[in-house]
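Engineer: Using UniProt numbering, the first residue of the sequence shown is number 1, and each one after it goes up by one. Backbone N, C-alpha and C fix where the C-beta goes; we use that ideal spot for every residue, glycine too.
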Amino acid sequence: MNVIIEGNINFYEELYKTNLDDDDDNFCLISNMVLDENKITLPCNHSFNFIPLYKEVVNQKTGSFVGLEINRLNFNQIKCPYCRQKFNQLLPHVRLNNEISYISGVNAPERLCMEFKQCNYIFKAGKNKGNKCNKTAFHSSIGCYCDSHQKIISNKKIKDESICLCKATLKSGKRKGEVCGIKIKGEGNYCKRHSSSV
1 MNVIIEGNIN
11 FYEELYKTNL
21 DDDDDNFCLI
31 SNMVLDENKI
41 TLPCNHSFNF
51 IPLYKEVVNQ
61 KTGSFVGLEI
71 NRLNFNQIKC
81 PYCRQKFNQL
91 LPHVRLNNEI
101 SYISGVNAPE
111 RLCMEFKQCN
121 YIFKAGKNKG
131 NKCNKTAFHS
141 SIGCYCDSHQ
151 KIISNKKIKD
161 ESICLCKATL
171 KSGKRKGEVC
181 GIKIKGEGNY
191 CKRHSSSV
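1. Are residue 164 and residue 146 closer than 8 Å when you measure CB to CB?
2. Are the C-beta atoms of residue 183 and some chain C residue less than 8 Å apart?
3. Let me know the alpha helix (DSSP H) ranges lying completely inside the segment 45-70, each 4 residues or longer, listed in chain order.
4. For the segment 81-99 against the segment 46-60, do three or more pairs of beta-carbon atoms, one drawn from each stretch, fall closer than 8 Å, so that the two count as touching?
5. Quick one: residues in its chain with C-beta nearer than 7 Å to the C-beta of residue 88, no 5 flanking neighbours on either side, listed in chain order?
6. Would you call the CB atoms of residue 136 and residue 94 closer than 8 Å?
7. Please check the pair residue 32 and residue 39, which I expect to be a contact at CB under 8 Å, by giving their CB distance rounded to whole angstroms.
8. Buried or exposed for residue 123, please, with buried defined as at least 16 other CB atoms from any protein chain shown within 10 angstroms of its CB.
9. When you compare only the Cα positions, how much space is there between residue 96 and residue 170?
10. Using the Cβ count rule (16 or more neighbours within 10 Å means buried), how would you classify residue 166?
11. As a quick exercise: from 44, 51, 162, 138, pick the residue whose alpha carbon is nearest that of residue 99.
12. Taking 7 Å as the limit between beta carbons, can you name the residues of its chain near residue 35, skipping five residues before and five after?
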């Protein structure tokens, strides 16, 4: 079938060419930005960055036109912003930044939320020693961890960076010639033992 419309353009050939472009799979369908590691793929296979999708779902649930919708969403439903298909799952229960809060019917309660990524934190003590956390997690500069472990690890990093170690060279004993390496309390470059000798 050869249909020619204005300017000698075959509409169906052009349409077929655009369907072959798979480059669109790497872009968020809301913001048109490149998909990051915290992308959400809905059951209809449309992919979005988490923050624009979160804002869209908040607007779907709490916007000023919610009462005027003919097809209202139930408490446990969200709608794909691209194809408008409804799903009986809420957004993942994660908090990427301070912009995102837990809103009932959007990303809370956790039992109604869709699966996302699992926390990579491995317990070091207790009854779950050696097991993964497996709560819903998100990627950040630190790694893929849930909210609580993200806070623990970032606080530990800050604490480790602020610790200063003694720089005195030991003059006797088994470790003769090595750096002392004891944590310093207060100001200075030396521990309590070596501060008096220097």
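Structural biologist: If we stick to the structure as given:
1. Within the sequence shown, the letter at position 164 stands for residue 164. Within the sequence shown, the letter at position 146 stands for residue 146. Cβ distance not < 8 Å, so residue 164 and residue 146 don't count as in contact.
2. The chain inventory of the structure shown lacks chain C, comprising one protein chain alone.
3. 50-62
4. yes
5. Within the sequence shown, residue 88 is the residue found at index 88, counting from 1. Excluding positions up to five away in sequence, the list reads 76, 77.
6. On the sequence shown, residue 136 is found 136 positions in, with the first residue counted as 1. On the sequence shown, residue 94 is found 94 positions in, with the first residue counted as 1. Taking 8 Å as the Cβ cut-off, residue 136 and residue 94 qualify as a contacting pair.
7. The residue given as residue 32 occupies position 32 in the sequence shown. The residue given as residue 39 occupies position 39 in the sequence shown. Rounded, the Cβ-Cβ distance is 14 Å, inconsistent with contact.
8. Translated into positions along the sequence shown, residue 123 becomes position 123. So residue 123 ends up on the exposed side.
9. Sequence index remark: in the sequence shown, residue 96 carries index 96 (1-based). Sequence index remark: in the sequence shown, residue 170 carries index 170 (1-based). If you take the alpha carbons of residue 96 and residue 170, they lie about 47 Å apart.
10. By 1-based counting over the sequence shown, the position of residue 166 is 166. By the 10 Å Cβ count, residue 166 comes out buried.
11. Locating residue 99 in the sequence shown gives position 99, where the first residue counts as 1. Looking at the Cα atoms, 51 is the closest of the given residues.
12. For the purposes of this step, residue 35 is taken as residue 35 along the sequence shown, with counting starting at 1. Result list for residue 35: 26, 27, 28, 47, 49, in chain order.
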